[in-house]
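If you're matching them up, the sequences are chains Y and A in order.
For the first sequence, our numbering begins at 1 and goes up steadily by one.
For the second sequence, our numbering begins at 329 and goes up steadily by one.
Number of protein chains: 2
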Amino acid sequence: MARAWHLMSRPDGLPNNENFALKDHDLPGVGDGQMRVRNLFLSVDPYMRGRMNESKSYIPPFQIDAPMDGGAVGEVVESNADGFEKGDLVTHMAGWRDEAVIDTKGVYKLPKVDAEPQAFLSHLGMPGATAYFGLLDAAEAKEGDIVFVSAAAGAVGSVVVQIAKAKGMTVIGSARGAKKCGYVRSLGADATVDYTAGPIIKGLRDAAPEGIDVYFDNVGGDHLDAAFSRARLHARFALCGMIAGYNSREPMQFRYIIRMIAMRIVMRGFLYGDYVSRLDEFYRDMGEWVASGKVKPQDTMFEGLDKAPDAFLGLFTGANTGKMLVRV
Amino acid sequence: MARAWHLMSRPDGLPNNENFALKDHDLPGVGDGQMRVRNLFLSVDPYMRGRMNESKSYIPPFQIDAPMDGGAVGEVVESNADGFEKGDLVTHMAGWRDEAVIDTKGVYKLPKVDAEPQAFLSHLGMPGATAYFGLLDAAEAKEGDIVFVSAAAGAVGSVVVQIAKAKGMTVIGSARGAKKCGYVRSLGADATVDYTAGPIIKGLRDAAPEGIDVYFDNVGGDHLDAAFSRARLHARFALCGMIAGYNSREPMQFRYIIRMIAMRIVMRGFLYGDYVSRLDEFYRDMGEWVASGKVKPQDTMFEGLDKAPDAFLGLFTGANTGKMLVRV
């Protein structure tokens with residue numbers, strides 16, 4: 001009997017365990033063009049919070065009392081699909097469960113990069129590619145830039161820090177608490193801002209006395225306002241996420257957004273999905289950085305399918321350093 | 329005896345007449361490379377509010393108890409400067425006064441475009457070029473786009489409406505009250521939003537049921553938030569001004585800024601000054617549109633130098649339709 005997590009009710013504000021239920025499923029047979037996969041690792045990501053709302057966004061909302069989905073790495077245990085064989089390791093979107101019968105759409109064999117399978121949900125997967133294209137394309141960051149990245153101990157932010165250093169930039173990262181700030185500095189960051197220690201705007205002023213050229217936003221809210229306040233001429237802001245707003249109905253407040261005009265800031269929202277046709281660039285560079293030790297793996301692993309909601313909820317309380325994962 | 333308006337104190341919030349004083353000046357002699365100009369028309373513009381604060385921005389603040397400056401059209405009455413002769417009409421930055429002795433820096437003879445002199449402070453001057461480059465370059469607006477422009481009855485907005493129509497776009501303009509909305513429609517706007525009639529976000533939803541591709545922002549605040557709420561995929565926002573914030577110490581509040589990510593909005597601050605090297609493009613196109621009647625002049629004229637502060641203050645109460653000017 002396979003098991004899958006269902007969304008049982010739409011959260012109002014911060015989700016809790018009551019919103020989820022783990023349910024048994026009889027798997028169907030493996031039809032033509034299908035395969036059965038047994039999941040090894042599941043990804044939980046902040047963007048999933050948006051799918052728990054009813055409103056339409058760039059991906060459809062989760063349906064009530066149906067299995068949720070999300071990134072996963074699994075092993076093919078039975079295949080009637082061309083190009084996939086028993087024993088293949090694949091990334092796919094039938095996460096939040098232990099086993100599934102799936103079509104080939106969105107299923108990829110792990111690229112030939114020397115790394116553990118879970119890396120392809122982390123720095124060699126969606127979060128890593130988000131960091132890579134967000135920093136180098138959406139924010140047009142280049143050697144010599146002063147880069148500020150929020151949630152710098154997180155799955156995306158920690159890779160942004162390392163790519164920026166590999167490319168010769170100065171990097172300031174924000175994180176929650178002294179320990180995570182220490183981790184961010186261990187990745188090469190030149191300075192950190194502990195946003196639990198005082199107003200982020202003051203912390204960033206101290207950490208970036210000369211201002212910033214690039215802001216990679218994972219947080220929104222007061223982090224984004226602080227970035228407005230420190231932006232230099234022609235600064236570029238890439239908006240990747242705004243976790244500060246995911247569980248809130250309150251508007252975000254900005255005192256310094258007007259500096260976008262005087263400083264001619266360019267601010268751009270982007271999604272990983274816009275770049276899937278360019279993943280070869282990402283694997284090429286990232287493979288090299290991983291091999292040379294310039295990008296180091298880091299994850300926080302929850303053990304067991306039954307812990308998946310806890311892992312997800314932990315994203316909003318800062319329980320993870322690096323990528324948050326579930327080992328099935 | 330020449331006369332000039334001085335800033336006597338820095339306004340806290342909305343300025344008032346007490347912040348200004350009209351003072352007599354003995355003009356110096358006209359030195360080598362200098363000229364004396366008698367002003368015919370003065371420009372008052374929202375951006376001047378920023379110069380009344382102490383803080384540094386892209387232009388220095390006005391000094392206390394010194395003549396203010398700003399755009400003006402004047403006649404040369406005495407010249408020791410190469411290339412300028414008695415009788416020449418020029419645009420220059422020694423506004424807020426009736427007569428001045430100036431160097432040649434920032435002084436231009438009126439371009440050879442058939443128009444009244446005050447047009448070069450209006451649709452053929454800084455506001456017109458701001459509209460032109462903001463819409464076509466900063467916002468990358470193109471034929472077929474649905475364009476929303478705030479303060480569409482103002483100096484810049486009214487030109488944005490007309491250029492957008494000349495270029496085959498659909499245009500929605502916001503303005504204060506039914507009369508100004510009627511004026512905006514008379515310029516060719518397809519729909520208008522009277523922001524005194526209810527929440528702008530609701531007004532824009534009704535006026536742009538299919539959403540918007542471009543937002544030209546002169547206002548900020550709830551107008552900008554409404555634009556976030558209606559933006560379509562790959563919308564472009566050009567930030568020209570945020571008059572809603574010029575007299576306020578309160579932060580601006582945004583409920584929909586997070587849509588920048590899902591819709592991959594690009595938002596760009598810009599200044600007229602970035603485009604002065606490309607003014608020939610502007611004069612070429614605008615000269616043609618004026619000649620063909622596609623762009624029509626509109627100004628609100630205050631009579632007499634002593635009325636300059638009233639004209640300026642009127643910018644914040646919506647006293648102008650089209651460009652606000654002072655006839656000296």
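We treat Cβ as the ideally placed atom computed from N, Cα and C, and that holds for glycine.
- Excluding sequence positions up to five before and after residue 361 of chain A, its CB lies within less than 7 Å of the CB of 408, 409, 431, 432, all in the same chain and listed in chain order.
- For residue 316 of chain Y, the closest C-alpha among the options Y:187, Y:11, Y:15, Y:3 is that of Y:15.
- Residue 477 of chain A is outside the set of residues whose beta carbon lies under 7 Å from a beta carbon in chain Y.
- Looking at the DSSP output, residue 543 of chain A bridges to A:476, A:565.
- Taking the beta carbon of residue 245 of chain Y as reference, the chain A residues within 7 Å of it are 586, listed in sequence order.
- Residue 593 of chain A belongs to the set of residues whose beta carbon lies under 7 Å from a beta carbon in chain Y.
- Beta bridge pairing from DSSP links residue 584 of chain A with no other residue.
- Every beta strand (DSSP E) stretch that sits fully inside the segment 360 to 406 of chain A and reaches 3 residues is listed by chain position as 363 to 371.
- When the Cα atoms are used, residue 156 of chain Y and residue 223 of chain Y turn out to be separated by approximately 16 Å.
- Counting along the chain, the unbroken alpha helix (DSSP H) around residue 458 of chain A starts and ends at 454 to 461.
- When C-beta distances to chain Y are compared with 7 Å, the residues of the segment 363 to 390 of chain A below that value are 385, 386, in chain order.
- Per DSSP, the continuous beta strand (DSSP E) segment holding residue 324 of chain Y begins and ends at 323 to 327.
- In this structure, residue 423 of chain A keeps its C-beta atom at 7 Å or more from the C-beta atom of residue 394 of chain A.
- Nearest neighbour of residue 23 of chain Y by Cα position, chosen from Y:60, Y:127, Y:64, turns out to be Y:64.
- Here the segment 608 to 617 of chain A does not lie against the segment 275 to 295 of chain Y, with fewer than 3 beta-carbon pairs under 8 Å apart.
- Ranked by Cα distance from residue 629 of chain A, the first of A:398, A:547, A:447, A:417 is A:447.
- Residue 597 of chain A reaches chain Y at 258, 259, 260, 261, 262, 263, 264, 265, 266, 267, counting residues in chain order whose Cβ is nearer than 9 Å.
- It is roughly 47 Å from the alpha-carbon of residue 511 of chain A to the alpha-carbon of residue 62 of chain Y.
- Counting every other CB atom within 10 Å of its CB across the protein chains shown gives residue 546 of chain A a total of 16 or more, marking it as buried.
- Counting only residues of its own chain and dropping the five nearest sequence neighbours on each side, residue 203 of chain Y has a CB closer than 6 Å to the CB of 193.
- Closer than 7 Å to the CB of residue 570 of chain A there is at least one CB belonging to chain Y.
- The C-beta of residue 8 of chain Y has fewer than 16 other C-beta atoms within 10 Å across all chains shown, which makes the residue exposed.
- Checking the DSSP bridge columns, you'll see residue 301 of chain Y partnered with Y:325.
- Within its own chain, the residues whose Cβ lies closer than 7 Å to the Cβ of residue 314 of chain Y, once the five positions on either side in sequence are excluded, are 320, 324, listed in chain order.
- Classified as exposed, residue 292 of chain Y has fewer than 16 neighbouring CB atoms from the shown chains inside 10 Å of its CB.
- Y:122 is the residue among Y:190, Y:180, Y:42, Y:122 whose C-alpha sits nearest the C-alpha of residue 159 of chain Y.
- The C-beta distance from residue 238 of chain Y to residue 138 of chain Y rounds to 4 Å, short enough to fall under 8 Å.
- Residue-level contact by beta carbon holds for residue 582 of chain A and chain Y, with a gap shorter than 7 Å.
- Under DSSP, residue 522 of chain A shares a beta bridge with A:503.
- A Cβ-Cβ contact shorter than 7 Å links residue 529 of chain A with residue 554 of chain A.
- Annotated as distal: residue 74 of chain Y and residue 49 of chain Y, with beta-carbon spacing of 7 Å or more.
- Listed along the chain, the chain A residues whose CB falls inside 9 Å of the CB of residue 220 of chain Y are 585, 586.
- Per DSSP, the unbroken alpha helix (DSSP H) holding residue 281 of chain Y starts and ends at 279 to 291.
- Beta-bridge partners of residue 25 of chain Y (DSSP): Y:2.
- Looking at A:454, A:472, A:355, the one whose alpha-carbon comes closest to that of residue 374 of chain A is A:454.
- Rounded to whole angstroms, the separation of the alpha carbons of residue 153 of chain Y and residue 605 of chain A is 44 Å.
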